[in-house]
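Undergrad:
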Amino acid sequence: MNYSCFKLFICVALLSINFFSSSCGGGEGDNKGGNDPVTTKQYLSLSSQSIKDNEEIDAFSVTSLSLSYNKMISLSNGANITVNGTSVEPSISASSVAIPLSLEAGKSYIVKIPEGSFVGKLENNYVSPAFSLSFTTKKIESTDNSQITKSLSNPDATKQAQNVYEFLLQQYGTKILSASMANVNWNFAEAELVKNATGKYPAIATMDYIHMFTVTSHNPFQGWRVNYDDVAEVEQWWNNNGLIAASWHWNMPNKEGAEKEQNYTCTPGDGSQKNGNWTTTCKPSNIMKEGTWEKKIADEDLKVMASLLKKLQDKNIPVIFRPLHEASGNTYGQWAGGGAWFWWGIEGAEAYKKLWIYIYDYFHNAGINNLIWVWTSQNNGDTDWYPGDAYVDIIGQDIYSKGADDNAKDFAKLQKTYPNKMVTLSECGGVGKISDQWSKGARWSWFMPWYKYNATSLDDHDHADTSWWKDAMGNQNVITRDQMPSLK
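Under our numbering, the residues of the sequence shown are numbered 31 to 518, in order.
(1) First and last residue of the beta strand (DSSP E) that includes Gln79?
(2) Which stretch, first to last residue, makes up the alpha helix (DSSP H) that contains Ile464?
(3) In this structure, how does DSSP classify Pro449 when only helix, strand and coil are distinguished?
(4) In this structure, does DSSP put Ala427 in helix, strand or coil?
(5) Could you work out which residue in Ser487, Ala233, Leu354, Gly203 is closest to Trp405 when comparing CA atoms only?
(6) Which residue from Gly136, Ala328, Val264, Val256 puts its Cα closest to that of Trp373?
(7) Among Ala235, Lys142, Gly150, which has the Cα closest to the Cα of Trp480?
(8) Flag this pair as yes or no: are the beta carbons of Asn400 and Leu339 separated by less than 8 Å?
(9) Could you tell me the distance, in whole angstroms, from the CA atom of Thr167 to the CA atom of Ile464?
(10) Any chance the region 386 to 393 sits against the region 214 to 231, with 3 or more Cβ pairs inside 8 Å?
(11) On the premise that Trp476 lies in contact with Leu455, defined as a C-beta separation below 8 Å, what is that separation, rounded to the nearest angstrom?
(12) Straight-line CA distance for Ile140 to Asp88?
(13) Residues in its own chain within less than 8 Å of Trp371 by CB, not counting five upstream and five downstream?
(14) Under three-state DSSP, which class holds Thr322?
(15) If you scan the region 214 to 283 from start to end, which runs of the beta strand (DSSP E) of 3 or more residues do you find wholly inside it?
(16) Please state whether DSSP places Val334 in a helix, a strand or coil.
(17) Would the region 208 to 221 count as touching the region 256 to 264 if we require 3 or more Cβ pairs under 8 Å?
(18) If you run the structure through DSSP and keep just helix, strand and coil, what is Lys168?
(19) For a test of the three-state rule: what should DSSP assign to Glu58, helix, strand or coil?
(20) Thinking just about the alpha-carbon of each residue, which of Val349, Pro348, Asn284, Met335 is nearest to the one in Trp323?
(21) How far does the alpha helix (DSSP H) with Ser497 in it extend, from its first residue to its last?
(22) According to DSSP, Arg352 sits in a beta bridge with which residue or residues?
(23) Give the single residue among Gln343, Ser337, Glu286, Asn346 whose Cα lies nearest to the Cα of Ile317.
(24) Is it buried or exposed, Asp414, if we count other Cβ atoms within 10 angstroms and call 16 or more buried?
(25) Let me know the secondary structure DSSP gives Ala209 once reduced to three states.
(26) Can you tell me whether Tyr294 is buried or exposed? The criterion is at least 16 other CB atoms within 10 Å of its CB, across all chains shown.
(27) Considering only C-alpha positions, which residue in the set Tyr195, Glu320, Asp466 is nearest to Asn505?
(28) Do Tyr73 and Tyr156 have their C-beta atoms closer together than 8 Å?
(29) With 16 other CB atoms within 10 Å as the buried threshold, where does Arg255 fall?
(30) Give a yes or no on whether the C-beta atoms belonging to Gly150 and Met102 are separated by under 8 Å.
(31) So, is Asn184 buried or exposed, given that buried needs 16 or more other C-beta atoms within 10 angstroms?
(32) For Val141, which residues does DSSP report across the bridge?
(33) Taking the CB atoms as reference points, tell me whether Ile509 and Lys205 lie closer together than 8 Å.
(34) Find the nearest neighbour of Tyr195 within the set Ile398, Ala209, Lys325, Val349, judged by alpha-carbon distance.
(35) Tell me the rounded alpha-carbon separation between Ser98 and Trp468.
(36) Where does Trp474 sit, in a helix, a strand or coil, going by DSSP?
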């Protein structure tokens, strides 16, 4: 090939290359009509996390792992986030994600988030890098009984009452006593249902003086008359080493001069809170004032109650006594609505505490020394309602419709608030199984599910069904009546 031909060949080749490049979009320009450019995958940056790697945390104060990224994110299809190998469903808000955690004390956990589990919500070329986190939960420390008061608040307490208190203290933190509630008032109906379902009686049978009526007040309630003077079955229960507890839904007249009317209540309001016809205008503060109708009625009731408690004391039977319960009610608006549930709380904390001390002193002055006093907290900031260590022996809480995790949190909060008192699940329904509560650290002194009215079995029980009771009574940490020693 001569030089001229070679030169022509080179020119044609260059023209061909330039034409090919332009037609394929490889040249300069705005790329209209061409393919999208290849984008490069970029990683999201993690800006914060609520749990650090290898951290030891409190199992009962943490419910999720929170992560925050540098961009708004969304969950990728097919993302498989796991906690100890079990898939969990995260919740996302803007640039943050919450990984749900259900933790137990004294365990190790690994959270794994595969690469690409999250993508940029506005820029999908941003993806999350692989993430792994290891942490442990603190072990449950044995209950420190050293701070708990060793004797009852009443220095004149009977030997049997002190024996029961010392037994409860010995078991506290290592064992939990089982308890049942009477069907409304004065019987062992629920205890029998538990025995039929599980083969064992609970260690504690609880009664209620709700239908204790004075001479002036009992007429409208002939159908509800209960013979509280008959203590034969209670004595038999005590002789079989069972313990006796008692509540007192204290009824008061609707108003002054209404003693003969059927307007007594165990769930009153302040005159404006009505539950059908069952309301009262009784003011607790007036019970401590001479000449008031409230004091007249209250003192009559207390006199009768003292005589009934004396019948048990004469039989050397101590009573775990829980009056004036749930005093703060919904004062702090934890549920819908507000205000006290019972008349003894309608004037607030100061009036309530004075009333508690008034009845405590009344019974003591009347020679009633067989009582172990249980005060019920709502665990929602009601420490102002606490009558004081000198008038309380045990702290109780009534819990409904909460799982084992929340039960354990409630226990821990109460024990921290009242370190020198035993804490008990004084009333419950729809709560976590006792085995689950115990494993999560809820070391109550005893537990007591509420009754179902005229129940014939536990199978469809509203508060604690057959499976719940079988779990409880089959638990090695639960004390049943047949395991009780004589505390006479």
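Ideal Cβ placement from N, Cα and C applies to all residues, glycine included.
TA: Let's see:
(1) Against the sequence shown, residue 79 aligns to sequence position 49. Gln79: member of the beta strand (DSSP E) spanning 76 to 79, first to last residue.
(2) Here residue 464 corresponds to residue number 434 of the sequence shown, with the count starting at 1. Counted as a single uninterrupted DSSP element, the alpha helix (DSSP H) harbouring Ile464 occupies residues 464 to 469.
(3) Residue numbering aside, residue 449 sits at position 419 when the sequence shown is read from its first letter. If DSSP states are grouped into helix, strand and coil, Pro449 belongs with coil.
(4) Position 397 of the sequence shown, counting from 1, holds the residue named residue 427. Contrary to the premise, residue 427 reads as Gln rather than Ala in this sequence. Looking at Gln427 - three-state DSSP - the assignment turns out to be strand.
(5) Working through the sequence shown from its first residue, we reach residue 405 at position 375. Relative to Trp405, the option among Ser487, Ala233, Leu354, Gly203 whose CA is nearest is Leu354.
(6) Numbered from 1 along the sequence shown, position 343 holds the residue referred to as residue 373. Relative to Trp373, the option among Gly136, Ala328, Val264, Val256 whose CA is nearest is Ala328.
(7) Position 450 of the sequence shown holds residue 480. When only C-alpha atoms are compared, the closest one is Ala235.
(8) Residue mapping note: residue 400 aligns to position 370 of the sequence shown, counting from 1. Residue mapping note: residue 339 aligns to position 309 of the sequence shown, counting from 1. Yes, they are a contact pair.
(9) As a position in the sequence shown, residue 167 is number 137, starting the count at 1. As a position in the sequence shown, residue 464 is number 434, starting the count at 1. Taking the straight line joining both Cα atoms gives about 21 Å.
(10) In short, these stretches do not touch, since the Cβ pair count stays below three.
(11) Taking the first residue of the sequence shown as position 1, residue 455 is located at position 425. Taking the first residue of the sequence shown as position 1, residue 476 is located at position 446. Distance from Leu455 to Trp476 at the Cβ level is roughly 7 Å; contact confirmed, criterion being Cβ atoms closer than 8 Å.
(12) Mapped onto the sequence shown, residue 140 falls at position 110. Mapped onto the sequence shown, residue 88 falls at position 58. If I take the Cα positions, the gap works out to 16 Å.
(13) Reading the sequence shown from its first residue, position 341 is the one you call residue 371. So the list reads Thr297, Glu356, Gly359, Asn360, once near-sequence residues are dropped.
(14) In the sequence shown, the residue the question calls residue 322 occupies position 292. Under the three-state reduction of DSSP output, Thr322 falls in the coil class, being neither helix nor strand.
(15) Listed in chain order, they are 234 to 238, 273 to 278.
(16) Counting from 1 along the sequence shown, the entry for residue 334 is found at position 304. The answer is helix: DSSP assigns Val334 an H, G or I state.
(17) Three or more beta-carbon pairs drawn from the region 208 to 221 and the region 256 to 264 are found closer than 8 Å, and the two stretches are therefore classed as touching.
(18) Counted from its first residue, the sequence shown places residue 168 at position 138. Residue state, collapsed to three classes: coil.
(19) Working through the sequence shown from its first residue, we reach residue 58 at position 28. Note that Glu58 scores 36 on pLDDT, short of 50, meaning its location in the model is unreliable and no value can be drawn from it.
(20) Position 293 of the sequence shown, counting from 1, holds the residue named residue 323. When each option's Cα is compared against that of Trp323, the closest is Asn284.
(21) Here residue 497 corresponds to residue number 467 of the sequence shown, with the count starting at 1. Taken as a continuous stretch (DSSP letters only), the alpha helix (DSSP H) holding Ser497 covers 496 to 503.
(22) Here residue 352 corresponds to residue number 322 of the sequence shown, with the count starting at 1. For Arg352, which the question treats as bridged, DSSP gives the partners Ser277.
(23) By one-based count along the sequence shown, residue 317 stands at place 287. Minimum Cα distance to Ile317 is reached at Glu286.
(24) Here residue 414 refers to the residue found at position 384 when the sequence shown is read from its first residue. Answer is exposed; the Cβ neighbour count stays below 16.
(25) For this step, residue 209 is matched to residue 179 along the sequence shown. DSSP, reduced to helix, strand and coil, places Ala209 within a strand of the structure shown.
(26) In the sequence shown, counting from the first residue as 1, residue 294 sits at position 264. For Tyr294, the pLDDT reaches just 43, beneath the cut-off of 50, and the residue's location in the model is therefore unreliable, although a value from the coordinates is still provided. Flag for Tyr294 reads buried.
(27) Within the sequence shown, residue 505 is the residue found at index 475, counting from 1. Measuring from the Cα of Asn505, the nearest candidate turns out to be Asp466.
(28) Within the sequence shown, numbered from 1, the residue matching residue 73 stands at position 43. Within the sequence shown, numbered from 1, the residue matching residue 156 stands at position 126. Taking 8 Å as the cut-off, the Cβ atoms of Tyr73 and Tyr156 count as close.
(29) On the sequence shown, residue 255 is found 225 positions in, with the first residue counted as 1. With a threshold of 16 other beta carbon atoms within 10 Å, Arg255 falls short and is exposed.
(30) For this step, residue 150 is matched to residue 120 along the sequence shown. For this step, residue 102 is matched to residue 72 along the sequence shown. Taking 8 Å as the cut-off, the Cβ atoms of Gly150 and Met102 count as close.
(31) The residue labelled residue 184 in the question sits at position 154 within the sequence shown. Asn184 should be labelled buried.
(32) One-based indexing of the sequence shown puts residue 141 at position 111. In DSSP, Val141 forms a bridge with Val113, Leu163.
(33) Position 479 of the sequence shown, counted from the start, is the residue given in the question as residue 509. Position 175 of the sequence shown, counted from the start, is the residue given in the question as residue 205. Against a cut-off of 8 Å, the Cβ pair of Lys205 and Ile509 comes out as a contact.
(34) Walking along the sequence shown from the start, residue 195 turns up at place 165. When only C-alpha atoms are compared, the closest one is Val349.
(35) For the purposes of this step, residue 98 is identified with residue 68 of the sequence shown, where counting begins at 1. For the purposes of this step, residue 468 is identified with residue 438 of the sequence shown, where counting begins at 1. Those two C-alpha atoms are separated by around 34 Å.
(36) On the sequence shown, position 444 is the one that residue 474 refers to. Coil, per DSSP.
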